[in-house]
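Enquirer: Just so you know, the protein sequences line up as chains H and E, in that order. Under our numbering, the letters of the first sequence match residues 1 to 98, in that order. Under our numbering, the letters of the second sequence match residues 1001 to 1464, in that order. Glycine included, each C-beta is placed from N, C-alpha and C at the ideal position. Let me give you the structure first, and then I'll get to my questions.
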Amino acid sequence: MTSTFLDNLYVFVLAGFIGFEVIRRVSPLLHTPLMSLTNALDAIVVVAAILITGRHESTLSTVLGAVAIAAAFSNMVGGFLITDRMLRMFKLSRTKKP
Amino acid sequence: MNPLAAQQLIDFAYLIAVVLFILALKWLSSPASARHGVLAGEIGAALAVVATLCNYEIIEYKWIVVALVVGAIVGIPLGMVHMTAVPQRTALSHAFGALAAAMIGIAEYYVRLPHVTKFDMVEISLEVIIGSLTFTGSLIAAGKLQEILPQRPITYKGQNFVSLSVLAAAVLVALWLIVHPEYSRLFPVMVGISLVFGVLLVTPIGGADMPTVISLLNSYAGLSAALLGFVLNNKVLVVAGALDGSSGFILSVIMCKAMNRSFTNVMFGAFGQVQVSAGAEKEERTVRSASAEEAAAILGAANTVVIVPGYGMAVAQAQHKVRELYDALSKRGVDVKFGIHPVAGRMPGHMNVLLAEADIPYDKLMDMDTINPEFPQTDVALVIGANDVTNPAARTDQGSPIYGMPILDVDKARTVMVIKRSMSPGFAGIDNPLYYLDKTLMLFGDAKAFVGDIVRELAGGGHA
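Pasting the structure below:
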């Protein structure tokens, strides 16, 4: 139990460092798409929701799990969709001449 | 395939998903590669979901499929909202993310129930508390941004004491549960108190602080997902949560710096209340105003123009007219750039998205540190719907409530033009000395209509 906790803590700390270094370099132009994209990535909790729903251990866990799937999956679908819509709008001036 | 090998394959798919997630964020560093980032994220997420659906532990697919369909039906319209509505959509998605994390934590507790160790309980209660308060807090933030709830900070005496007592109560119940994980009746109490705390946390915060709050809630949503990864021993959740959490944290630090405020001040300061007393002496000062015709003549004769947009521009839906102005001036050979303050708009980067939507090329959108050294060589700074972020009192007047806040130095341009409805002070109620400078021309009127008039004057001016 404690060793899995330590494993996870290692992963968490290292991922936090990578996140910090990578996200620091994101252009301020793209801070809104950054937030919607990380939101979509965060919706990966849907995998945990799928497992707990599919194991069908009790009515309560299935219901809570199904709600979690719907909430997380809507973030995943909507998050990727809106991020791509926003990024498609960013154009350089030479590609668009009046 | 035996279950162990299958599980290893699934874990391997998760590892690939994690790599793709990190690449997705890396490619977001520049607009040129950013769309590859979205694709990488999509592939990673799809891979993880498909791998999970192959898990042998799943015995019943019916509800999974139903819930996925519901999620898609809810998610697609939320991905198609108008760009001005992106901040409230983002707050709502923080709420959904936190809801999912909290629900899974709750379900996990009841599934494990007779055999919940004290250590499990530490992880589960922390995860569920953060998930629950982020859920209701984000709903309140979304309500404020959608203007269903009042934008003004809602405060009362002893508020911080009440809020912190509620948080303390949630922590006490959690401690009790950690000592006695089998007291399952206490569990809903802990969830309920956390939900209440989320409401109390965000209700007092005003509309002007939303960029910080929305970033902070983003960070909490990420943290709850990472904690869920600890509970379930699932590394893909730990990584995705850590990435989301650090992103939200970095953005909230940037927003706080851009307003020269601390976290505690944003969360417990209830900005917007104290400013009434500031600038009490009101001597009569004169402003110079100008018509659209005069403004067009000055802009048309300029070599360099910097447009400073604020949220007022978006409220007036003036960004498309601003694009027409940009086109008209560019055609005359005027160098037009945009100076964008980090807190312009209702969430980090919002103004860039609104201008990009209006087809303004992103290489003309300059952040504060890039544009500030250019103002002394700028002929005209045109301020549209921005106020506090251009207030020179932030640099000079130690008594000003916004003293120390980094601003766009528009007052250093040769001529300043400000499009504004009236002389009434802005959101924070602070008087702006910029408007009384000799070089400043006030253009009174609705932003959209006024910019439209300038464009018409430029077109009809007979000048080729």
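1. Determine, using beta-carbon pairs with one atom in the segment 1186-1200 of chain E and one in the segment 1115-1122 of chain E, whether at least three such pairs fall under 8 Å.
2. Would Thr1212 (chain E) pass as an interface residue toward chain H - the criterion being a Cβ-Cβ separation below 7 Å?
3. Compare the C-beta of Phe1338 (chain E) against all C-beta atoms of chain H and say whether one is closer than 7 Å.
4. From which residue to which residue does the alpha helix (DSSP H) around Val26 (chain H) run?
5. According to DSSP, is Val1049 (chain E) part of a helix, a strand, or is it coil?
6. Mind the definition here: the segment 1053-1063 of chain E touches the segment 28-43 of chain H only if three or more C-beta pairs lie below 8 Å; say whether that holds.
7. Looking only at C-alpha atoms, which of E:Ala1174, E:Ala1292, E:Thr1264 and E:Ala1459 sits nearest to Lys1331 (chain E)?
8. Under a CB-based cut-off of 7 Å, is Phe1375 (chain E) close to chain H?
9. Do you know offhand how far Lys91 (chain H)'s Cα is from His1115 (chain E)'s?
10. Do Leu1216 (chain E) and Ser1252 (chain E) have their CB atoms nearer than 7 Å?
11. Can you list, in chain order, the residues of its chain whose CB lies under 6 Å from that of Ala1169 (chain E), leaving out five sequence neighbours each side?
12. Provide the residue span of the alpha helix (DSSP H) that contains Pro1188 (chain E), from first to last.
13. Threshold first: 3 residues or longer. Then list the beta strand (DSSP E) segments lying entirely within the segment 1331-1371 of chain E, N to C.
14. Excluding the five sequence neighbours on either side, which residues of its own chain have a C-beta within less than 7 Å of the C-beta of Ala72 (chain H), listed in chain order?
15. Is any beta-carbon of chain H found at less than 7 Å from that of Pro1361 (chain E)?
16. List, in chain order, every chain E residue whose beta-carbon is nearer than 7 Å to that of Ser3 (chain H).
17. Report the rounded CA-to-CA distance for Ile1298 (chain E) versus Lys1144 (chain E), giving the unit in angstroms.
18. How would you list, in chain order, the residues of chain E whose beta-carbon sits under 8 Å from the beta-carbon of Thr38 (chain H)?
19. Taking the C-alpha atoms as reference points, what is the distance between Leu1028 (chain E) and Gly19 (chain H)?
20. How many angstroms separate the CA atom of Asn8 (chain H) from the CA atom of Val1308 (chain E)?
21. In chain order, which continuous runs of the alpha helix (DSSP H) of length 4 or greater are located wholly inside the segment 1047-1110 of chain E?
22. Between the segment 1406-1416 of chain E and the segment 1374-1384 of chain E, do at least 3 Cβ pairs fall closer than 8 Å?
23. Of the residues E:Met1210, E:Val1066 and E:Ser1093, which one's Cα is nearest the Cα of Val1343 (chain E)?
24. For Pro1181 (chain E), collect the residues of the same chain with a Cβ closer than 8 Å to its Cβ; drop the 5 residues on either side in sequence, then sort them by chain order.
25. Give me, in chain order, the residues of the same chain whose beta-carbon lies closer than 7 Å to that of Phe1230 (chain E); leave out the 5 immediate sequence neighbours on both sides.
26. Label Gly1404 (chain E) either buried or exposed according to how many other C-beta atoms from any shown protein chain fall within 10 Å of its C-beta, with 16 as the threshold for buried.
27. Please report how far the alpha carbon of Leu1099 (chain E) lies from the alpha carbon of Leu1139 (chain E), in whole angstroms.
28. For a quick check, are the C-beta atoms of Gly78 (chain H) and Gly1241 (chain E) less than 7 Å apart?
29. Quick one: what's got a C-beta closer than 7 Å to Lys1337 (chain E)'s C-beta in the same chain, skipping five residues either side?
30. Listing by chain order, which chain H residues have their CB less than 8 Å from the CB of Arg1035 (chain E)?
31. Out of E:Ala1141, E:Val1202, E:Arg1288 and E:Asp1327, which has the shortest C-alpha to C-alpha gap to Lys1439 (chain E)?
32. Which residues of the segment 1080-1102 of chain E have a Cβ closer than 8 Å to any Cβ of chain H? Give them in chain order.
33. What would DSSP say about Phe90 (chain H), mapped onto helix, strand or coil?
34. Tell me the DSSP secondary structure of Ala49 (chain H) in three-state form.
35. For Tyr1061 (chain E), which residues in chain H fall below 7 Å Cβ to Cβ?
36. So with CB distances below 9 Å, who are the chain E contacts of Leu60 (chain H)?
Expert: With the structure as the only source:
1. Here the segment 1186-1200 of chain E makes no contact with the segment 1115-1122 of chain E; the two share fewer than three CB pairs at distances below 8 Å.
2. no
3. Not closer than 7 Å to any Cβ of chain H, the Cβ of Phe1338 (chain E) fails to qualify, so no.
4. From DSSP, Val26 (chain H) is part of no alpha helix (DSSP H); its letter is neither H nor E.
5. helix
6. no
7. E:Ala1459
8. no
9. C-alpha of Lys91 (chain H) to C-alpha of His1115 (chain E): approximately 56 Å in a straight line.
10. yes
11. Ile1193
12. Leu1186 to Val1202
13. 1335-1340 and 1365-1367
14. Ala43, Val45, Val46 and Ala49
15. Taking 7 Å as the CB threshold, Pro1361 (chain E) lines the interface with chain H.
16. Among the residues of chain E, none has a CB under 7 Å from the CB of Ser3 (chain H); the nearest is roughly 11 Å distant.
17. 40 Å
18. What Thr38 (chain H) touches in chain E: Leu1025, Asn1218, Gly1222, Leu1243, Asp1244, Ser1247 and Gly1248.
19. 12 Å
20. 46 Å
21. 1062-1079
22. Yes, the segment 1406-1416 of chain E touches the segment 1374-1384 of chain E.
23. E:Met1210
24. Val1116, Thr1117, Lys1118, Asp1120 and Met1121
25. If we look at Phe1230 (chain E) and ignore the five residues flanking it on each side, its Cβ neighbours are Glu1123 and Val1238.
26. exposed
27. 10 Å
28. Contact: no.
29. Val1306, Lys1364, Met1366 and Ile1371
30. Asp84, Leu87 and Arg88
31. E:Arg1288
32. Met1080, Val1081, Met1083, Val1086, Arg1089, Thr1090, Ser1093, His1094, Phe1096, Gly1097, Leu1099, Ala1100 and Ala1101
33. coil
34. Helix.
35. Gly54
36. Ile1106, Ala1107, Tyr1110 and Val1111
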